[in-house]
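**Student:** Dropping the structure in here first, questions after.
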Amino acid sequence: MGEKKLNKRNLGHWVILIVVILGIGGLVYGMHQLDANDQKQVTATNRQHAKATRTALAKDAAESKAARRHQVTAFDRANKGQQTPLLTAEITRQLKAKKFVGTALVVKNDRVVYQKAYGYADRAQNRKNTVKSQYLINSIQKSLTGQLVMRAVQAGQLRLTDKLSQYYPRIKHSDQVTIRQMLDMTGGLMGNMAPTTTLTENQAYQYAAQNAQVVPAKLGRFDYQPISYVLLAGILHQVTHQSYYRLFYQQIVTPLDLNHTSFAQLRRSAKHRILGYGGTAPRQYTHPHTPSATDMAAQIATGNATMSAGDLFRAERAIIQGTLLPTPAGAQVLHQATTNLHYTGGMYHFDQLGYYGHGMGDYYESTFVMSRNGRTGVVLLSNNFKKKTMYPKWSTEQVAMDLFERVNAAKHLK
């Protein structure tokens, strides 16, 4: 009798254990299903937002294309540097030493003296880079955003002395930060643009405002924080009632007739689109990479534009010279040309010789160095550069600076 009771009790324990296990299993399964459903919803929303951005961008791009002259210039053609053999030999030597993949452009007094493409745009398809290839320019885009801000200043839509609090009052200490300081990265702003979902343009501005912090101790000191330029784009949106992308096309691309300039979100339709490549050294063509829609949406105004080397030179020349402004002298104000400040209006000062810009990300590296009058310069754009494994050994930033100094100093190139 005792044995039967014991067996019955053990059986009861097993039943309870099985019920508990099944319950836990059901709960885990249910949670898994909820997670799966949530992930499906996030994916669907990401696609919806990415599509909405592409649609709006495509419309702006089409309007710009219809309005442009589509004139072919020396900036759209290869130039082997046959008129300057000594310089060409030096360029070739330095770029080969760096295993450079991309486009190299050298200009002296508005004349293209060298332009050549190296390596592959898509190794799997055996498609090589050309001088019309469009590269992600990363942080160099900030100089173009600075131009849009100065245009709004001259239109009376905002002032360089305006406080951030006039546009984003909920950011603590924003009443201590000016537009001028934001342009120069001296506003004490901090915050990462690292959303986990693909944002619309308005959502990107909201995200920046929610994640931005002002550190009073850093006010007046240079501290490179891209979020400053996302907020500047948000301010432009508030005062112009136009999207950043529309302003970019209307005020930069169309008037300069830039026919090889676009945005990463439109890469599928780009005629000269290219892939980025990683690895431990250039020319290995390992780890082909396409920038994610989520990252590119968050990089608005700071690093999602694509350009050819020729288009980039022409854009930076116009910005330095002020030819896109109603009052060209505004360029001197934007870049505080008479000072020795480190970074102003989206560009670095290159000693007393001129300006330069540099960007790295998504397996691209971009550098330009230009004279104070904007007529002489060097542009190096690469699609085979992974910062984590290749910087500084394979970086061509210093190469661009060295070449510029030589070209700028020479009265006659040989």
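When we follow UniProt numbering, the leftmost residue of the sequence shown carries the number 1, and every step to the right adds one. All residues carry an ideal CB built from backbone N, CA and C; glycine is no exception. Predicted model, so just to flag it, every value in this text is computed and none were measured.
1. Below 6 Å CB to CB, which residues in the same chain sit around Val74 once its five sequence neighbours on both sides are set aside?
2. Hey, quick one: how far does the beta strand (DSSP E) through Phe368 stretch, first residue to last?
3. Quick check on DSSP: helix, strand or coil for Tyr249?
4. Label Ser228 either buried or exposed according to how many other C-beta atoms from any shown protein chain fall within 10 Å of its C-beta, with 16 as the threshold for buried.
5. Going by DSSP, name the residue or residues bridged to Pro288.
6. Check for me: the alpha helix (DSSP H) holding Ala331 runs from which residue to which?
7. Do Asn408 and Ser371 have their C-beta atoms within less than 8 Å of each other?
8. Is the beta carbon of Gly374 closer than 8 Å to that of Ser143?
9. Tell me the rounded alpha-carbon separation between Lys40 and Thr197.
10. So what does Thr103 bridge to, in DSSP terms?
11. Looking at the structure shown, is Phe404 part of a helix, part of a strand, or coil, going by DSSP?
12. Do you know offhand how far Leu256's Cα is from Ala410's?
13. Using the Cα positions of Arg273 and Glu63, report the straight-line distance between them to the nearest angstrom.
14. Among Gly322, Ile300 and Gly310, which has the Cα closest to the Cα of Tyr245?
15. So His349 is in the beta strand (DSSP E); what residue range does that whole segment cover?
16. What is the C-beta distance between Gln265 and Leu57, in whole angstroms, given that I count them as a contact (C-beta under 8 Å)?
17. Give the DSSP-derived three-state secondary structure of Gly146 in the structure shown.
18. Applying the criterion that 16 or more other CB atoms from any shown protein chain within 10 Å of the CB defines a buried residue, is His335 buried or exposed?
19. Anyone know if the C-beta pair for Leu164 and Val177 falls short of 8 Å?
20. Given a cut-off of 8 Å on the beta-carbon distance, is the pair Ala298 and Met193 in contact?
21. Between the alpha carbons of His70 and Asp76, how many angstroms are there, rounded?
22. So, does the region 324-331 touch the region 384-404, judging by three or more C-beta pairs under 8 Å?
23. At 4 residues or longer, what runs of the alpha helix (DSSP H) sit wholly inside the region 142-186?
24. If you draw a straight line from the alpha carbon of Ala52 to that of Ala204, how long is it in whole angstroms?
25. Between which two residues does the alpha helix (DSSP H) holding Tyr205 run?
26. Could you say which of Asp122, Val153 and Val378 lies nearest to Pro288 if we only look at CA atoms?
27. At which residues does the beta strand (DSSP E) containing Ser139 begin and terminate?
28. I need the boundaries of the alpha helix (DSSP H) containing Thr294, first residue and last residue.
29. Of the choices Lys414, Asn383, Tyr249 and Phe100, whose alpha-carbon is the least far from that of Ala394?
30. Nearest to Gln210 by alpha carbon, out of Val230, Asp223, Tyr224 and Gln332?
31. Please look up how many angstroms separate the CB atoms of Phe222 and Thr186, rounded, as I've assumed it's under 8 Å.
32. Using a Cβ-Cβ cutoff of less than 7 Å, which residues in the same chain neighbour Asn138 once the five nearest sequence positions on both sides are dropped?
33. Buried or exposed for His412, please, with buried defined as at least 16 other CB atoms from any protein chain shown within 10 angstroms of its CB.
34. Going by beta carbon distance, what residues of the same chain come within less than 6 Å of Leu258, once the five residues before and after it are set aside?
35. Find out if the Cβ-Cβ distance for the pair Thr306, Leu136 is shorter than 8 Å.
36. Which whole-angstrom value is the C-beta distance of Val149 and Leu232, which I expect to be below 8 Å?
**Tutor:** Well, looking at it:
1. To locate residue 74, count along the sequence shown from 1; it is residue 74. Note that residue 74 is Ala in the sequence shown here, rather than Val. Closer than 6 Å at Cβ, skipping near neighbours: Val112.
2. Here residue 368 is taken as the residue at index 368 of the sequence shown, counted from 1. From DSSP, the beta strand (DSSP E) with Phe368 extends over Tyr364 to Ser371.
3. The count along the sequence shown starts at 1 and reaches residue 249 at position 249. Looking at Tyr249 - three-state DSSP - the assignment turns out to be helix.
4. Residue numbering aside, residue 228 sits at position 228 when the sequence shown is read from its first letter. Buried.
5. As a first step, residue 288 must be located in the sequence shown, where it is residue number 288. DSSP lists Tyr277 as partners of Pro288.
6. If you number the sequence shown from 1, residue 331 lands on position 331. It spans Gly330 to Leu334 - the alpha helix (DSSP H) in which Ala331 sits, taken as one unbroken run.
7. Locating residue 408 in the sequence shown gives position 408, where the first residue counts as 1. Locating residue 371 in the sequence shown gives position 371, where the first residue counts as 1. Their beta carbons are under 8 Å apart, which means Asn408 touches Ser371 by this criterion.
8. The count along the sequence shown starts at 1 and reaches residue 143 at position 143. The count along the sequence shown starts at 1 and reaches residue 374 at position 374. Contact: no.
9. Reading the sequence shown from its first residue, position 40 is the one you call residue 40. Reading the sequence shown from its first residue, position 197 is the one you call residue 197. Approximately 12 Å, taken between the alpha carbons.
10. Translated into positions along the sequence shown, residue 103 becomes position 103. Thr103 pairs with Ala117 and Leu381.
11. Working through the sequence shown from its first residue, we reach residue 404 at position 404. Here Phe404 sits in helix by DSSP.
12. Here residue 256 is taken as the residue at index 256 of the sequence shown, counted from 1. Here residue 410 is taken as the residue at index 410 of the sequence shown, counted from 1. Distance between the alpha carbons of Leu256 and Ala410: 28 Å.
13. In the sequence shown, residue 273 corresponds to position 273, counting from 1. In the sequence shown, residue 63 corresponds to position 63, counting from 1. Taking the straight line from one Cα to the other gives about 20 Å.
14. Sequence index remark: in the sequence shown, residue 245 carries index 245 (1-based). Looking at the Cα atoms, Ile300 is the closest of the given residues.
15. For the purposes of this step, residue 349 is taken as the residue at position 349 of the sequence shown. Residues Met347 to Phe350.
16. As a working note, residue 265 is residue 265 in the sequence shown. As a working note, residue 57 is residue 57 in the sequence shown. Contact flag correct, Cβ pair sits at about 6 Å.
17. Reading the sequence shown from its first residue, position 146 is the one you call residue 146. If DSSP states are grouped into helix, strand and coil, Gly146 belongs with the helices.
18. As a first step, residue 335 must be located in the sequence shown, where it is residue number 335. Buried, since its Cβ has 16 or more Cβ neighbours within 10 Å.
19. As a working mapping, residue 164 is identified with position 164 in the sequence shown. As a working mapping, residue 177 is identified with position 177 in the sequence shown. Taking 8 Å as the Cβ cut-off, Leu164 and Val177 qualify as a contacting pair.
20. What you label residue 298 is simply residue 298 of the sequence shown in a count that begins at 1. What you label residue 193 is simply residue 193 of the sequence shown in a count that begins at 1. In this structure, Met193 lies closer than 8 Å to Ala298 by Cβ.
21. Here residue 70 refers to the residue found at position 70 when the sequence shown is read from its first residue. Here residue 76 refers to the residue found at position 76 when the sequence shown is read from its first residue. Approximately 11 Å between the Cα atoms of the pair.
22. no
23. Runs found: 179-183.
24. Position 52 of the sequence shown, counted from the start, is the residue given in the question as residue 52. Position 204 of the sequence shown, counted from the start, is the residue given in the question as residue 204. In a straight line, the C-alpha of Ala52 is about 14 Å away from that of Ala204.
25. Residue mapping note: residue 205 aligns to position 205 of the sequence shown, counting from 1. Start and end: Glu201 to Asn211.
26. The count along the sequence shown starts at 1 and reaches residue 288 at position 288. It is Asp122 whose Cα lies nearest to the Cα of Pro288.
27. One-based indexing of the sequence shown puts residue 139 at position 139. Careful: Ser139 lies outside any beta strand (DSSP E) and carries neither H nor E.
28. Position 294 of the sequence shown, counted from the start, is the residue given in the question as residue 294. Where Thr294 is concerned, the enclosing alpha helix (DSSP H) stretches over Ala293 to Ala298.
29. By 1-based counting over the sequence shown, the position of residue 394 is 394. The question names Ala, but residue 394 in the sequence shown is Trp. Measuring C-alpha to C-alpha distances from Trp394 to each of Lys414, Asn383, Tyr249 and Phe100 identifies Phe100 as the nearest.
30. Residue numbering aside, residue 210 sits at position 210 when the sequence shown is read from its first letter. The residue with the shortest Cα to Cα distance from Gln210 is Val230.
31. As a first step, residue 222 must be located in the sequence shown, where it is residue number 222. As a first step, residue 186 must be located in the sequence shown, where it is residue number 186. Sure, about 6 Å apart at Cβ, within 8 Å.
32. Here the question's residue 138 lines up with position 138 in the sequence shown. Within the same chain, Asn138 has close Cβ partners Gly303, Gly359, Met360, Gly361, Tyr364 and Ser366.
33. For the purposes of this step, residue 412 is identified with residue 412 of the sequence shown, where counting begins at 1. Exposed, by the Cβ-count rule.
34. As a position in the sequence shown, residue 258 is number 258, starting the count at 1. Cβ within range, chain order: Asp311.
35. What you label residue 306 is simply residue 306 of the sequence shown in a count that begins at 1. What you label residue 136 is simply residue 136 of the sequence shown in a count that begins at 1. Result yes, Cβ atoms of Thr306 and Leu136 sit closer than 8 Å.
36. The residue you call residue 149 lines up with position 149 of the sequence shown. The residue you call residue 232 lines up with position 232 of the sequence shown. Going by Cβ atoms, the distance from Val149 to Leu232 rounds to 6 Å, so yes, they are a contact pair.
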